[in-house]
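Under this note's numbering, the sequence shown has 425 at position 105, and the numbering climbs by one with no breaks.
Note that CB positions come from ideal geometry on N, CA and C, so glycine has one too.
Taking it in order: structure first as structure tokens, then the write-up.
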Amino acid sequence: MANFEIPSEQWAQVLEKSGGPAVYKKIPVQKPGPDEVLINVKYSGVCHTDLHAMMGDWPIPTKPFPLVGGHEGAGVVVAKGDLAPDIELGDHVGIKWLNGSCLACSFCMQADEPLCPHALLSGYTVDGSFQQYAIAKASHVARIPKECDLEAVAPVLCAGITVYKGLKESGARPGQYVAIVGAGGGLGSMAIQYARAMGLHVIGIDGGEEKGQSCKSLGAMAYVDYTDSSQDLVEQVKKATPDGLGPHAVLLLAVSEKPFQQATEYVRSRGSVVCIGLPANAYLRAPVLDVVIRMITIKGSYVGNRQDTQEAIDFFQRGLVKVPYKTVGLSELQDVFQLMQDGKIVGRYVVDTSR
Ligand code: NAD
Ligand code: ZN
Ligand code: ZN
321 MANFEIPSEQ WAQVLEKSGG PAVYKKIPVQ KPGPDEVLIN VKYSGVCHTD LHAMMGDWPI
381 PTKPFPLVGG HEGAGVVVAK GDLAPDIELG DHVGIKWLNG SCLACSFCMQ ADEPLCPHAL
441 LSGYTVDGSF QQYAIAKASH VARIPKECDL EAVAPVLCAG ITVYKGLKES GARPGQYVAI
501 VGAGGGLGSM AIQYARAMGL HVIGIDGGEE KGQSCKSLGA MAYVDYTDSS QDLVEQVKKA
561 TPDGLGPHAV LLLAVSEKPF QQATEYVRSR GSVVCIGLPA NAYLRAPVLD VVIRMITIKG
621 SYVGNRQDTQ EAIDFFQRGL VKVPYKTVGL SELQDVFQLM QDGKIVGRYV VDTSR
């Protein structure tokens, strides 16, 4: 078994108050409890959820400040508790949004652990992956095969799992059409590729030319620019399907409310609208008549369970999903949040915890 030297102090990005900013500073390295592992995080993806957490966008309390965000952490196990039998020092693992769950409630018993009322959330109710050494429950860490590149796999740990699960929840079958709203962002870029790998045709919806080019290069057969007011978005999405009746499923990944009100207008009859994005203070609104007489399903989808996690990583390992990412130092996290807030990120940013 490998032996690791663990420092007493480490670099981290720390939120000291709601609204931010994240402060790059040295903090102590924690010790894992009996059912936990200590992970030397090498890379962490930056999810829009981290920005929502910093801005206090949601009515769900975080742990008391200071808080270390981050929940797409890929790294190496360097210490473990006595109750983590199936994991070895040196194993490659991932920190997900779902850091741990009780494993005993009726949801956990049915592998619906994201719904566990006692779930621990990385970078939200427990410290996350924007630090060099992070703690996670051994039962929940993602198992990453050694041949996977830790930098490239990081975004799979939230974005990948979430969109893969959302596509399964949509019920769309190979050969059918799916509209991905927010297709140029982190989750969206992944969703295009998972959808393609699952045999679906993709209509990407986002704003601007650069995101359009990215969507096309990742495999979208059509791109609809929501910022182009000269065209009717609903008509354009429907027209992108060969019979003009609209996509069988819609994945809503956008960080604004409007598309959540629009999706039932272009989804195909008997189609499903899957809500995944979490814009602050947003509401769903749909005409009851349409939902009834066109038999539309509207549902939510929230990350994925441990099995979804391993399947999502397996798609990555087989080379079916390759996501565009840009790597910067952990010290530059606040700049990434700024770009994200301005809607300027195409794909994902990954932070390297060594700089
Ligand atoms: P991101 O900022 O990378 O991407 C969001 C994209 O939405 C951007 O490309 C933006 O241009 C686009 N967008 C904004 N308004 C739009 C509109 N009207 N129409 C089409 N596109 C629009 O964010 P991300 O990291 O991909 O996260 C997306 C959302 O998903 C966030 O709210 C995040 O919190 C949420 N999320 C949910 C889950 C879950 O389990 N349900 C998991 C992870 C993230
Ligand atoms: Zn996330
Ligand atoms: Zn539970």
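L423 has its CB nearer than 8 Å to a heavy atom of ligand 3. For L358, the enclosing beta strand (DSSP E) begins and ends at 356–366. Ligand 3 has no heavy atom closer than 8 Å to the beta-carbon of H460.
In summary, T561 is buried, with 16 or more beta-carbon neighbours lying within 10 Å of its beta-carbon over all protein chains present. Within the same chain, L371 come within 6 Å of F657 by CB-CB distance, once the 5 residues on both sides are set aside. For P381, the number of other beta carbons within 10 angstroms of its own is below 16, and it is reported as exposed. Relative to ligand 1, the beta carbon of M375 is positioned no closer than 8 Å to any heavy atom. Counting only the Cα atoms, K642 lies some 32 Å from E585.
For ligand 3, no non-hydrogen atom lies closer than 8 Å to the CB of F635. The beta carbon of I665 sits closer than 6 Å to the beta carbons of L659 from its chain, once the five residues preceding and following it are set aside; these are given in chain order.
The distance from the Cβ of V671 to that of V343 is about 15 Å, inconsistent with a contact at the 8 Å cut-off. Distances from the CB of L598 to the heavy atoms of ligand 1 include at least one below 8 Å. Assignment of beta strand (DSSP E) within the stretch 466–541, counting only whole runs of 3 or more residues, yields 497–501, 521–526 in chain order. Between the stretch 379–393 and the stretch 324–344, the count of Cβ pairs shorter than 8 Å is three or higher; the stretches touch.
Beyond the five residues adjoining it in sequence on each side, H521 comes within less than 6 Å, by CB distance, of Y497, M541 in the same chain, given in chain order. Every alpha helix (DSSP H) stretch that sits fully inside the stretch 356–433 and reaches 4 residues is listed by chain position as 368–375, 426–429. Straight-line spacing of the CA atoms in L553 and F324 works out to 55 Å. Not one heavy atom of ligand 2 lies closer than 8 Å to the C-beta of C428.
One Cα belongs to R675, the other to E408, and the distance between them is close to 27 Å.
Using a 10 angstroms sphere on the CB of R590, the tally of other CB atoms stays under 16, which defines it as exposed. In the structure shown, S442 adopts extended strand secondary structure according to DSSP, grouped into three states. Residue pairing by DSSP puts D545 in a beta bridge opposite D526. Within the same chain, and ignoring the five residues on either side of Y363 in sequence, the residues whose Cβ sits closer than 8 Å to its Cβ are G393, A394, G395, L470, E471, A474, T647, V670, V671, D672, T673. L571 is a Cβ neighbour of I500, given a cutoff of 9 Å. The stretch 420–429 and the stretch 477–493 do not touch, with fewer than three beta-carbon pairs separated by less than 8 Å. Across the set S537, D563, I523, the C-alpha of I523 shows the shortest separation from the C-alpha of Y546. Cβ atoms of V349 and Y453 come within 8 Å of each other, at about 5 Å.
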